[in-house]
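Residue numbers (the working numbering), protein chains in the order written: chain A, 1 to 325; chain B, 1001 to 1518. All C-beta atoms, glycine included, are put in the ideal place defined by N, C-alpha and C. Keep in mind that this is a model prediction, so the values were computed, not measured. Everything on this sheet refers to the single structure shown next.
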């Protein structure tokens, strides 16, 4: 099977999956109690029957459920993600407004955790059983087990409040009107805490995965052969062990990459990071159906897309895979 | 240093006395304020959420403002006259007022706003205008006359900015109001204009250079920052990112700590118009909850002082009845309920309670409410009442409360300056309607109470109104259609060098007209 055929097959499957998800999402969020009109009326502290009727008509909620489903699916087929009457803006523009901030955060966390994690894992494997190994595995365990929100708040108290090193919340200094390099540095300083917080958990996962996988490969016959040939230990580690040990890490990276859009809800909330995760969470609390469905759809599209990408990376990392698939 | 502190203390006490001009305001400066949660929109005619009001109250204006004693003050109306028969209200408008787009503000805008726009979309103005107002007319460009069907005392309290914001006729007349693209670029007459709204981050207001009140506003800019996590908001204040933490934006247990920081002031003023009143609503349709003795038993069983002192960190005051002691027509000549578990047990026994499980619906507005629910569950179980707590999210709560799906439900409502507007709605029979969590959801119905509230709303003099309201408070405190728990205080925490922040009965909501920064 060549790459083009493989891709076509996976894409076709992906589209079916996305369609099923879109329909499922629609019914799922309507199973939650309350509707956007009721929420708006409730928030206003006063409401009457007429206001609810006006709002439901505006939101299209007075239509039969299947009509609403049809309108929603028809929109998606023409790449129209709908309109948020609550925010008076199209869903696509709401998402695109928030996308850069989220990609910056999740992308930074992705790079940091992947780089740091594999490095730590490789180092621990080479020094297996020695003190370096103990330090790294203990650290990884702590990162893995500590709840994200606790790390988030503690890091704010320690690094922002007590030490005054970096700002605790936000995307940039509001009202400072920086431009160019100054703005980039300002954003970077705001990025430090959320990116590290978000990256910690995956750093731990990569480190543990890499260590285990390298130790397993290190015992294989071809590694013994390489050593017997008299190759330098560092070279054996890099060329023979690491390359074969990387596959499980790629799988994990694919999983993390799939969460680039929707996986930072908590971090974005605690750090007031203006990204998609918060857009989604707010929409959930407000039952802003069209926004919620839009974000769900984008997130699932990302997951499907990165699954396909992961498969391609597999083939590059290990050409033997082609024959099997 | 001591001298400076003394000076600050002086300024603070001058503020407290309402002597706003103790110091000459300094011009310029930027203030960063927390707004939580992010408002859905800033078009105040279409949305009156708390956060919307907080920001939009500085963009829009109404005919009147109200001081901390809830006395009407001039705003867009320069003066007003009430006819001797209390049926005709004539408002003279300020001269030289323009909308943010430069068009003049005239009587046409007022008539359009009150007679057409708000009548169609505003859930609080609609019932008033439909029931009480005969006609709203323009006399000349700067005069508007409102003729009532009968005297309606609260009329003079209805012109607060969230209740009746003036809307530009030239932008909205003849359009589909809720779909008007101008909703994203609100045009008011207020001291500040919307410059930018970066969704999820901040709302940026800038000074209206052509503001009608000369020499105002003092500040150049306000940034309303959106920080979703309460603990992060506290840290943002401590690290200097924000200058003002508006009411309810930090957890109760952080209030005392933050108030002690250097250059930090705290006030619970500025909520007189709303005077939030918290209570438990028994669903009187459900079996034993329809029994007055049982409800009285519950009231004796609840340690309300513990709730105030411990759960709410000592903020607020215990209420005696339906009307807040902060507003007009309050009376404490009512039956009172001290914490008395023994008496509670007797009453509950006498009521014929047989151990039915009572479902207690928690209000999902954060940790404090959850703790209050737990404390009250404990109180009730101590006197032998079986309680099952139900938790849900805000839309879930709204639905359950609106559709009467509870036995006991937490709620807090604004008093809105007059019992006819903010109090009667929770007790009168005509407001028993599904779909609204702030209607009479408990289902209490008493013709005597209905009549007292109806008569009090239209009684011609304040003295007559007071007599009727005194009577209705007495009846309700005996019958307990709801169990009043707390007159809530929402503290505003701010840096002391932000002056004149809270000068009216709605506080920060329209506070930035006069505020300045030292």
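Item, Value
"Report, in whole angstroms, the separation of the C-beta atoms of residue 1490 (chain B) and residue 1219 (chain B), which I expect to be a contact under 8 Å.", "That belief does not hold up - the Cβ atoms of residue 1490 (chain B) and residue 1219 (chain B) are roughly 23 Å apart, past 8 Å."
"Given a cut-off of 9 Å on the beta-carbon distance, is the pair residue 1443 (chain B) and residue 1432 (chain B) in contact?", "yes"
"Tell me whether residue 1465 (chain B) sits in a helix, a strand or coil according to DSSP, three-state version.", "helix"
"How many angstroms separate the CA atom of residue 1261 (chain B) from the CA atom of residue 114 (chain A)?", "42 Å"
"CB of residue 1357 (chain B) to nearest heavy atom of the ligand SAH: below 8 Å?", "The model on display carries no ligand, and the ligand SAH is accordingly not part of it."
"By a C-beta neighbour count over all protein chains shown, 10 Å radius and 16 as the cutoff for buried, is residue 1435 (chain B) buried or exposed?", "buried"
"Just the C-alpha distance for residue 1021 (chain B) and residue 1515 (chain B), rounded to the nearest angstrom, thanks.", "Reliability of the predicted coordinates at residue 1021 (chain B) is poor, the pLDDT of 48 falling under 50, and the value obtained from them is presented with this limitation in mind. Answer to the nearest angstrom: the Cα atoms are 11 Å apart."
"Taking only runs of the alpha helix (DSSP H) that begin and end inside the segment 1297-1376 of chain B, which ones reach a length of at least 4 residues, in chain order?", "1341-1350"
"Classify residue 1276 (chain B): buried if its beta carbon has 16 or more other beta carbons within 10 angstroms, exposed otherwise.", "buried"
"Give the secondary structure of residue 1409 (chain B) by DSSP, where H, G and I count as helix, E and B as strand, and everything else as coil.", "strand"
"Is the number of C-beta pairs between the segment 20-37 of chain A and the segment 288-307 of chain A that are closer than 8 Å three or more?", "yes"
"Can you tell me the Cβ-Cβ gap for residue 1315 (chain B) and residue 1252 (chain B), rounded? I've got them flagged as a contact below 8 Å.", "7 Å"
"According to DSSP, is residue 26 (chain A) part of a helix, a strand, or is it coil?", "helix"
"State the Cα-Cα distance for the pair residue 269 (chain A) and residue 1233 (chain B), rounded to the nearest angstrom.", "11 Å"
"Rounded to whole angstroms, what is the Cα-Cα separation between residue 1349 (chain B) and residue 1325 (chain B)?", "33 Å"
"Against chain B, does residue 192 (chain A) count as a neighbour if the rule is that its beta carbon must be under 9 Å from one of theirs?", "no"
"Could you give the C-beta distance for residue 1040 (chain B) and residue 40 (chain A), rounded to a whole number, given that I count them as a contact under 8 Å?", "7 Å"
"Could you tell me how far apart the beta carbons of residue 1249 (chain B) and residue 1291 (chain B) are, in whole angstroms, since I believe they sit closer than 8 Å?", "That belief does not hold up - the Cβ atoms of residue 1249 (chain B) and residue 1291 (chain B) are roughly 40 Å apart, past 8 Å."
"State yes or no: is the C-beta of residue 193 (chain A) within less than 9 Å of the C-beta of residue 149 (chain A)?", "no"
"Provide the residue span of the alpha helix (DSSP H) that contains residue 1124 (chain B), from first to last.", "No alpha helix (DSSP H) contains residue 1124 (chain B), which DSSP labels as neither H nor E."
"Would you identify the three-state DSSP class for residue 130 (chain A), choosing helix, strand or coil?", "coil"
"Give me the subset of the segment 239-271 of chain A whose CB atoms are less than 8 Å from a CB atom of chain B, sorted by chain position.", "269, 270, 271"
"Out of curiosity, what's the CA-to-CA distance linking residue 1305 (chain B) and residue 1395 (chain B)?", "30 Å"
"Below 8 Å on the Cβ atoms is my guess for residue 247 (chain A) versus residue 318 (chain A); work out the distance and round it to an integer in Å.", "6 Å"
"According to DSSP, is residue 299 (chain A) part of a helix, a strand, or is it coil?", "helix"
"Which residue comes first and which comes last in the beta strand (DSSP E) that contains residue 1092 (chain B)?", "1088-1093"
"Do we get a CB-CB distance below 9 Å when we pair residue 1251 (chain B) with the residues of chain A?", "no"
"List the endpoints of the continuous beta strand (DSSP E) containing residue 1193 (chain B).", "1192-1198"
"In chain A, what lies closer than 9 Å to residue 1499 (chain B) by C-beta?", "Ordered by position in chain A, no residue passes the 9 Å Cβ test against residue 1499 (chain B), which lies about 20 Å from the chain."
"Would you list, in chain order, the members of the segment 1375-1409 of chain B that have their beta-carbon closer than 9 Å to a beta-carbon of chain A?", "1392, 1393, 1394, 1395, 1396, 1397, 1398, 1399, 1400, 1401, 1402"
"Just to make sure I have the definition right: I need the residues of chain A whose C-beta is within less than 7 Å of the C-beta of residue 1411 (chain B). Which are they?", "What residue 1411 (chain B) touches in chain A: nothing, since even the nearest Cβ is about 11 Å away."
"For residue 227 (chain A), I'd like the list of residues in its chain whose CB is within less than 7 Å of its CB, leaving aside the five on either flank, ordered along the chain.", "236"
"Name, please, each residue of chain A whose Cβ falls closer than 9 Å to the Cβ of residue 1198 (chain B).", "97, 171, 174, 274"
"Quick one: measure Cβ to Cβ for residue 1449 (chain B) and residue 1476 (chain B), integer angstroms, because I've assumed they're closer than 8 Å.", "7 Å"
"Taking beta-carbon pairs under 8 Å, can you tell me which members of the segment 1048-1069 of chain B lie near chain A?", "1048, 1049, 1050"
"Over the uninterrupted alpha helix (DSSP H) stretch that includes residue 1186 (chain B), give me the two end residues.", "Run containing residue 1186 (chain B): none; DSSP gives neither H nor E here."
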